[in-house]
Amino acid sequence: MWLCLASRISSRRTATRSGSTPTSYSPSRTREVDAFYSRTSRKSAKMESQIRQNYHHDCEAAINRMINMEMFASFTYTSMAFYFSRDDVALPGFAHFFKENSDEEREHADKLLSFQNKRGGRILLQDIKKPERDEWGNGLEAMQCALQLEKNVNQALLDLHKIASDKVDPHLCDFLETHYLNEQVEAIKKLGDHITNLTKMDAVKNKMAEYLFDKHTLGGQS
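For the sequence shown, our numbering begins at 3 and goes up steadily by one.
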């Protein structure tokens with residue numbers, strides 16, 4: 003036993019004199035491995051798509067922000083739709099109208115996601131903010147909130163179009179003009195018409211007028 007212990011001590015002294023240390027405890031080796039993974043991570047982060055051409059990083063970032071905006075709009079319209087489906091509200095026409103708007107905004111987000119991939123950009127999804135309220139009041143009040151929401155979305159699209167113009171990206175400009183800008187103006191006009199008619203009918207005080215608007219204008223069915 004004493005001979006074995008002496009042999010191990012002698013081996014450690016020999017290793018110390020030769021300047022060697024066990025591989026698993028080598029600080030220099032650990033630093034090399036860390037440096038390798040750090041370089042690899044940076045390289046992966048900087049890698050760009052082979053199809054990318056004339057696609058400025060400002061446009062790419064703005065597209066990601068616009069995706070978030072469209073998802074927020076869809077989320078808000080979903081809240082409106084199911085609010086009007088409640089048993090104590092029971093306006094199926096409003097519910098259907100806002101559900102269609104929600105689906106449309108989600109479709110807009112999907113188109114932007116596809117566009118980002120088509121241009122060789124990278125999709126960076128963000129947290130979606132909850133709607134500003136949970137109770138949407140009467141039909142007129144909800145339409146007014148929807149109008150402001152559509153104006154906010156429209157302004158975001160106009161800002162995105164300006165970035166695309168400044169960065170000389172005709173493909174992105176054409177994409178927005180073809181699929182978004184005109185449709186957005188039409189949506190704003192439709193909401194404005196609904197607000198005007200609800201106001202003329204005094205739908206806030208006259209619940210029968212609100213019911214008839216829901217049934218005949220928005221196609222609500224009990």
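All C-beta atoms in this analysis are idealised placements derived from N, C-alpha and C, irrespective of residue type, glycine included.
Neighbourhood of Ile53 by C-beta, 7 Å cutoff - its chain only, sequence neighbours within 5 removed: If you number the sequence shown from 1, residue 53 lands on position 51. Within the same chain, Cβ atoms closer than 7 Å to the Cβ of Ile53 are found at Gly122, the five residues on either side in sequence being excluded.
Enclosing alpha helix (DSSP H) for His196 [first to last residue]: To locate residue 196, count along the sequence shown from 1; it is residue 194. From DSSP, the alpha helix (DSSP H) with His196 extends over Asn184 to Lys202.
First and last residue of the uninterrupted alpha helix (DSSP H) at Ser87: Residue mapping note: residue 87 aligns to position 85 of the sequence shown, counting from 1. Run containing Ser87: none; DSSP gives neither H nor E here.
Meets three-Cβ-pair contact criterion under 8 Å: the region 60-69 and the region 155-165: Judged by Cβ distances under 8 Å, the region 60-69 makes contact with the region 155-165, as three or more pairs qualify.
Three or more C-beta pairs below 8 Å linking the region 76-88 and the region 100-109: Judged by Cβ distances under 8 Å, the region 76-88 makes contact with the region 100-109, as three or more pairs qualify.
Whole-angstrom C-beta distance between Gly141 and Phe74, which should lie under 8 Å: Taking the first residue of the sequence shown as position 1, residue 74 is located at position 72. Taking the first residue of the sequence shown as position 1, residue 141 is located at position 139. Taking C-beta atoms under 8 Å as the contact rule, Phe74 and Gly141 fail to qualify, at a distance of about 22 Å.
Per-residue burial, Asp171 [other beta carbons within 10 Å of its own, 16 or more giving buried]: Against the sequence shown, residue 171 aligns to sequence position 169. Answer is buried; the Cβ neighbour count reaches 16.
Within 8 Å, strictly: CB atoms of Leu115 and Ile125: As a position in the sequence shown, residue 115 is number 113, starting the count at 1. As a position in the sequence shown, residue 125 is number 123, starting the count at 1. Yes; because the gap between Cβ atoms is below 8 Å, this pair is in contact.
DSSP-derived helix/strand/coil call for Ser104: Within the sequence shown, numbered from 1, the residue matching residue 104 stands at position 102. For Ser104, the three-state secondary structure derived from DSSP is helix.
Short Cβ contact (8 Å threshold) for Glu143 with Leu193: Working through the sequence shown from its first residue, we reach residue 143 at position 141. Working through the sequence shown from its first residue, we reach residue 193 at position 191. Contact annotation: Glu143 and Leu193 have beta-carbon atoms that are not nearer than 8 Å.
Cβ pair Leu178, Ala166 closer than 8 Å: As a working note, residue 178 is residue 176 in the sequence shown. As a working note, residue 166 is residue 164 in the sequence shown. Yes, these two residues count as a Cβ contact at 8 Å.
Counted within 10 angstroms of its Cβ, other Cβ atoms place His59 as buried (16 or more) or exposed: Against the sequence shown, residue 59 aligns to sequence position 57. Exposed.
Coil, strand or helix - Val35 by DSSP: Stepping through the sequence shown from its first residue, residue 35 is reached at position 33. The pLDDT assigned to Val35 is 48, lower than 50, so where the model puts this residue is not dependable, and the model offers no usable value.
Chain C contact for Leu127 (CB, 8 Å cutoff): In the displayed structure, chain C is absent; only one protein chain is listed.
For His58, three-class secondary structure by DSSP: Counted from its first residue, the sequence shown places residue 58 at position 56. Residue state, collapsed to three classes: coil.
Runs of beta strand (DSSP E) lying entirely within the region 60-84, each at least 3 residues, in chain order: Restricted to the region 60-84, not a single beta strand (DSSP E) segment is unbroken, complete and at least 3 residues in length.
Buried versus exposed, by CB contacts within 10 Å (16 or more), Glu188: Counting from one through the sequence shown, the residue named residue 188 turns up at place 186. Around the beta carbon of Glu188, a 10 Å sphere encloses fewer than 16 other beta carbons of the protein chains shown; the residue is thus reported as exposed.
Delimiting residues of the alpha helix (DSSP H) encompassing Pro172: Reading the sequence shown from its first residue, position 170 is the one you call residue 172. Unbroken alpha helix (DSSP H) run through Pro172: Pro172 to Leu178.
Closest residue to Asp195 among Asn184, Leu183 and Thr219 (Cα-Cα distance): If you number the sequence shown from 1, residue 195 lands on position 193. When the alpha-carbon of Asp195 is set against those of Asn184, Leu183 and Thr219, the nearest one is in Thr219.
Reduced DSSP secondary structure (H/G/I, E/B, other) of Ile53: For the purposes of this step, residue 53 is taken as residue 51 along the sequence shown, with counting starting at 1. Looking at Ile53 - three-state DSSP - the assignment turns out to be coil, as it is neither helix nor strand.
Rounded straight-line distance, which links the Cα of Asn56 to that of Lys120: Locating residue 120 in the sequence shown gives position 118, where the first residue counts as 1. Locating residue 56 in the sequence shown gives position 54, where the first residue counts as 1. Straight-line Cα distance between these residues: approximately 12 Å.
Distance cut-off 7 Å: Ile165 Cβ against heavy atoms of the ligand GTP: Ligands displayed in this structure: none; no statement on the ligand GTP is therefore possible.
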